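J.: I have a structure I would like to understand better, so I am pasting it below and will then ask my questions one at a time.
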Amino acid sequence: MIDATAPPTTAAPPRGALLTVFLVVVIDLLGFAIVLPLLPRIAEAYLEGRSKLETGLTIGFLFSSFSLMQFVFAPLWGRVSDRAGRRPVLLIGLAGSVVFYTLFGYGATVDPSQSTLAITLMFVARIGAGIAGATIATAAAVIADCTPPDQRKRGMALIGAAFGVGFTFGPLIAFGAVKQFPSQGHGAVGYVAAALSFVALVVAYALMPETRVAGRPAERRGWLNFHRMAETLRTPTIGLLVASYFLATFGFANFEATLSLLTKAAFGFTDDQNFLVFAFVGFVLVFVQGGVYRPIAHRLSEVAFIRLGVLFMLLGLAGLAVLAATTAAGAEGTGPLAGFLAAMAVAVTGFAFLNPSVSALISRRTDRTRQGEVLGVNQSANAMARILGPMIGLTLFPLTANHVLPYVAASGLLLIVLLLTPRLKG
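Next comes the structure, spelled out in structure tokens:
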């Protein structure tokens, strides 16, 4: 195992970078969360008259194209940041977000008679935003640069909290943007997301210091070094962590992709009410990672948090499976709302425990000169899970009248991960 605890050869990076990268990630993720809840509705407006299969596949590929680009580019950006520095990579990513969210806004205002042009522009925008957003692994590397190993998991929780803030307020901002700028229609969400990414770019340019600490001269690496990726996955403890994270995220993505469909089937929720559901998910993430995880991080090891996280995710998604199984088909609005919110909160709490703990443990077990690259491999696994999870979940959802299959499948995957966790070493 690589000893990543040796002292650096240069001065430690400024700890003020932690606050800056947190603000940058929050603002940028607000843009992501603004677009996400409305994406199906925007695409549907341009797919009227087409078959359900074509419509579903088109929307599915629009979702997946973002994650596919993250899968490809996260390790690449990570390795570039190991050589060129974290700051320039983050600035490039934020600038790309400004450009491609603006393009998405324009695509969403194209006349419906030019539906092919509109869908093409949205695909280009989603692909570009995915490439730009793949720099989230570089943000994790900034935190790894700025925190000692024994405080790494508390630092990584900042990114989880940033996700929570983004998913709490992003859907609410999207709702407000559509209402406030009716002349722009759905294009307003793209333009507001671009404006927020521009604010993040300005903040990063003005305040973000370089944090990369050189441990040895950077080696020459190609843009896509599959040998090094395979080497990372073959490292016993790191490979197991990445595999566990992939399976857990795969299961959780089943829940995320089908959430709005489940609320409609079980409770008859409208699209506006679903904004509040997504905001609730974000609130739980913020509360758990900011108010629970960080205060007790020094008491529990990363492995303990991972085990608890997987257990909570399993219990929460199993609870959703029970809810789906016991809700009468077609009887909208009859599901037990309190039980649904409780099960969802337990599942989200588990993910809030798992996410920063995996990143922190991988970072601690990695050579400091490869932090960006290895965290990028982990981000790629996360992206691939978010490509495959929604596809499987959305395929399974309509196969039974009670829509239970996605949550049964997710619970089964999490049970496998729970059985793997004893092999992790603290």
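Numbering (my numbering), first residue to last: 167 to 592. For each residue, glycine too, the CB sits at the ideal point set by N, CA and C. These numbers were taken from a predicted model, which means no experiment stands behind them.
#1: If you follow the alpha helix (DSSP H) that leucine 287 is part of, which residue opens it and which one closes it?
#2: With DSSP collapsed to three states, give me the class of leucine 213.
#3: On the three-state DSSP scale, how would you describe asparagine 568?
#4: Please report the distance separating the alpha-carbon of alanine 370 from that of proline 254.
#5: Report the option in Gly244, Glu214, Ala567 whose CA atom is closest to the CA atom of glutamine 545.
#6: Beta carbon of valine 192, beta carbon of alanine 328: below 8 Å?
#7: Please look up how many angstroms separate the CB atoms of methionine 479 and glycine 516, rounded, as I've assumed it's under 8 Å.
#8: Just to confirm my understanding: we take glutamate 385, look at its own chain, exclude 5 residues before and 5 after, and list those with CB closer than 8 Å. What are they?
#9: Mind checking whether tyrosine 573 and leucine 481 have CB atoms under 8 Å apart?
#10: Determine the contact status of glutamate 376 and arginine 252, defining contact as a CB-CB distance below 8 Å.
#11: Beta-carbon within less than 7 Å of isoleucine 582's beta-carbon, same chain only, minus the 5 sequence neighbours each way: which residues are those?
#12: For a test of the three-state rule: what should DSSP assign to phenylalanine 347, helix, strand or coil?
#13: In angstroms with no decimal places, state the Cα-to-Cα distance between glutamine 439 and alanine 306.
#14: If you check the beta carbons only, do leucine 257 and leucine 269 fall under 8 Å apart?
#15: If you compare alpha carbons, which of Ile208, Ala547, Phe449 is closest to glycine 332?
#16: Is serine 230 buried or exposed, if buried means 16 or more other CB atoms sit within 10 Å of its CB?
#17: Does the Cβ of aspartate 311 have 16 or more other Cβ atoms within 10 Å, making it buried, or fewer, making it exposed?
#18: In three-state DSSP terms, what is glycine 434?
#19: Roughly how many angstroms lie between the CA atoms of alanine 183 and threonine 224, to the nearest whole one?
#20: Would glycine 597 and glutamine 236 be called neighbours here (beta carbons separated by less than 8 Å)?
#21: Pull up the distance between the alpha-carbon of isoleucine 339 and that of isoleucine 200, whole angstroms please.
#22: Over the uninterrupted alpha helix (DSSP H) stretch that includes aspartate 311, give me the two end residues.
#23: Between leucine 584 and valine 476, which are expected to be in contact by the criterion C-beta below 8 Å, what is the C-beta distance as a whole number of angstroms?
T.: On the basis of the coordinates in this document:
#1: 281 to 299
#2: coil
#3: coil
#4: Here the alpha carbon of alanine 370 sits roughly 10 Å from the alpha carbon of proline 254.
#5: Gly244
#6: Contact flag set, yes.
#7: 3 Å
#8: Confidence is the limiting factor: at glutamate 385 the pLDDT is only 43, short of 50, which leaves the residue's position unreliable, though a coordinate-based value still follows. Excluding sequence positions up to five before and after glutamate 385, its CB lies less than 8 Å from no other CB in the same chain.
#9: Going by C-beta atoms, tyrosine 573 is not nearer than 8 Å to leucine 481.
#10: yes
#11: Leu413
#12: Coil at phenylalanine 347, not helix or strand.
#13: 33 Å
#14: no
#15: Checked all of Ile208, Ala547, Phe449; the closest Cα to glycine 332 is Phe449.
#16: buried
#17: buried
#18: coil
#19: 40 Å
#20: Nothing can be reported for residue 597, as the shown portion of the chain is limited to 167 through 592.
#21: Answer to the nearest angstrom: the Cα atoms are 7 Å apart.
#22: 302 to 312
#23: That pair is a contact at about 5 Å.
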